[in-house]
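**Student:** If you use the UniProt record's numbering, the sequence shown corresponds to residues 1 to 321, in order.
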Amino acid sequence: MAATEATAPFRPAAGVLGLPAADLDALLTGGLTADAVVLGVPFDGGVPGLPGQRHGPELLRHHSPSHPWEVDGAGRLGGVLDPVSRRGVLTGRRVFDLGDLGSVPIDPRVPRAAYYRTLRELSAQLADHTRVPVFIGGDHSVTGPIATGLADVHGPLDLVCFDAHLDFHSRPIPDFADLTHADFIGHLLQVGAIARADVHGVRAYLPAEAGPVPPEVTSRYAFEPAPHPGAAPVHLSVDLDVIDPAEFPGTGHPEPGGYRLRELLAAVGHVCRTRRVVGVDIVEATYEEHANRVTGTTIATVLMTCLRALLEEPDEAEGDA
1 MAATEATAPF
11 RPAAGVLGLP
21 AADLDALLTG
31 GLTADAVVLG
41 VPFDGGVPGL
51 PGQRHGPELL
61 RHHSPSHPWE
71 VDGAGRLGGV
81 LDPVSRRGVL
91 TGRRVFDLGD
101 LGSVPIDPRV
111 PRAAYYRTLR
121 ELSAQLADHT
131 RVPVFIGGDH
141 SVTGPIATGL
151 ADVHGPLDLV
161 CFDAHLDFHS
171 RPIPDFADLT
181 HADFIGHLLQ
191 VGAIARADVH
201 GVRAYLPAEA
211 GPVPPEVTSR
221 YAFEPAPHPG
231 AAPVHLSVDL
241 DVIDPAEFPG
251 TGHPEPGGYR
261 LRELLAAVGH
271 VCRTRRVVGV
281 DIVEATYEEH
291 ANRVTGTTIA
301 TVLMTCLRAL
311 LEEPDEAEGD
321 A
């Protein structure tokens, strides 16, 4: 089932998780068909304080496991089994790593709003050419342009977010110039990119000046599945600081008392299986001197859980956590 670079517009085993890597042009020009794609967003220009979130894609790529996929000429995966369910993992699905969107805002000649605009345009293009684009950040401000680009294609979204913080502010944020990782939900509501936001895992205080919080935004600690999810398009955003820092210290703003990793995996798996998810981002990982391997493998585990829950039929994924 192996494909070669000479016969296919992708490079087997060259991407994260051992997935095939592909060029963006091949996807956008119709030379490649994808069920899902993974794109790194190495950007931390939305953090007013200590940066480092730009290294998230790098940590994932360096520490990600490389699964022994077999790939046919059309890019369909095979050759990997779940030892619990005894079923194939992502069998027949076409999932490609597109690399990283260059971190141009590090260059002082380029305004950070330009990066956000480019990311919005690319998000919309990916929404037009694949079932589910998955973005690896990066700080949480990147959810602003990602969700806006998805909404350009799908219409207003429901945002389902896992985060230790409620990243909302009521101040006017009409464009990307003033966007930060602590207020992107307010921006998305103001521009009409989302109709509502449900944030799970919240345990940090919100400054009083950020309010009032509108009824379209709900926040709670425990994950509560939507009782009547409907068919609205959903963007799933996972801020890794939702995990307890005793288990996952590699984030910029850790908050004690968080989720266990298995708890988070079960929740995001449920969202991906029961909602109409049109985009995913996984954000806010940073270098941590003694925990980089844990950081990278945790991102990889959340990514694989989302991909399987999104792309496999229910009986195929029944062995998931």
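Just so you know, even glycine gets a beta-carbon here, dropped at the ideal spot from N, CA and C.
Closer than 8 angstroms is the cut-off here; do at least three beta carbon pairs connect the segment 245-259 with the segment 205-213?
**Tutor:** no
**Student:** On the CB-based measure, 16 or more other CB atoms within 10 Å of its CB, does Tyr115 come out buried or exposed?
**Tutor:** The residue you call residue 115 lines up with position 115 of the sequence shown. It counts as buried.
**Student:** Measuring from the CB of Asn292, is there a heavy atom of the ligand ADP at a distance below 6 angstroms?
**Tutor:** The ligand ADP is absent from the structure shown, which contains no ligand whatsoever.
**Student:** According to DSSP, is Glu224 part of a helix, a strand, or is it coil?
**Tutor:** Residue numbering aside, residue 224 sits at position 224 when the sequence shown is read from its first letter. Glu224 falls in the coil class under three-state DSSP.
**Student:** Would you say Thr286 and Gly252 are within 7 angstroms of each other, going by their C-beta atoms?
**Tutor:** Counting from 1 along the sequence shown, the entry for residue 286 is found at position 286. Counting from 1 along the sequence shown, the entry for residue 252 is found at position 252. In this structure, Gly252 lies closer than 7 angstroms to Thr286 by Cβ.
**Student:** From which residue to which residue does the alpha helix (DSSP H) around Gly144 run?
**Tutor:** Residue numbering aside, residue 144 sits at position 144 when the sequence shown is read from its first letter. Its alpha helix (DSSP H) spans residues Thr143 to His154.
**Student:** Report buried or exposed for Gly192, applying the criterion of at least 16 other Cβ atoms within 10 angstroms of its Cβ.
**Tutor:** Residue mapping note: residue 192 aligns to position 192 of the sequence shown, counting from 1. With fewer than 16 other beta carbons inside 10 angstroms of its own, Gly192 counts as exposed.
**Student:** Below 8 angstroms CB to CB, which residues in the same chain sit around Pro314 once its five sequence neighbours on both sides are set aside?
**Tutor:** By one-based count along the sequence shown, residue 314 stands at place 314. Counting only Cβ-Cβ distances below 8 angstroms, and skipping sequence neighbours, we find Arg273.
**Student:** Taking 7 angstroms as the threshold (C-beta atoms), are Pro233 and Leu157 in contact?
**Tutor:** As a working mapping, residue 157 is identified with position 157 in the sequence shown. As a working mapping, residue 233 is identified with position 233 in the sequence shown. The answer is yes: Cβ separation under 7 angstroms.
**Student:** Have a look at Ser237, Phe184, Phe176 and Gly15 and flag the residue whose alpha-carbon is nearest the alpha-carbon of His169.
**Tutor:** Looking up residue 169 in the sequence shown gives position 169. Per the Cα distances, Phe184.
**Student:** Give the range of the alpha helix (DSSP H) segment to which Phe184 is assigned.
**Tutor:** Here the question's residue 184 lines up with position 184 in the sequence shown. Taken as a continuous stretch (DSSP letters only), the alpha helix (DSSP H) holding Phe184 covers Phe184 to Gln190.
**Student:** Check whether the segment 90-98 and the segment 11-20 touch, using three or more Cβ-Cβ pairs below 8 angstroms as the test.
**Tutor:** yes
**Student:** How far does the alpha helix (DSSP H) with Pro57 in it extend, from its first residue to its last?
**Tutor:** Within the sequence shown, numbered from 1, the residue matching residue 57 stands at position 57. Note, Pro57: alpha helix (DSSP H), Gly56 to His63.
**Student:** Are the segment 147-163 and the segment 116-132 touching by the rule of at least three beta carbon pairs closer than 8 angstroms?
**Tutor:** yes
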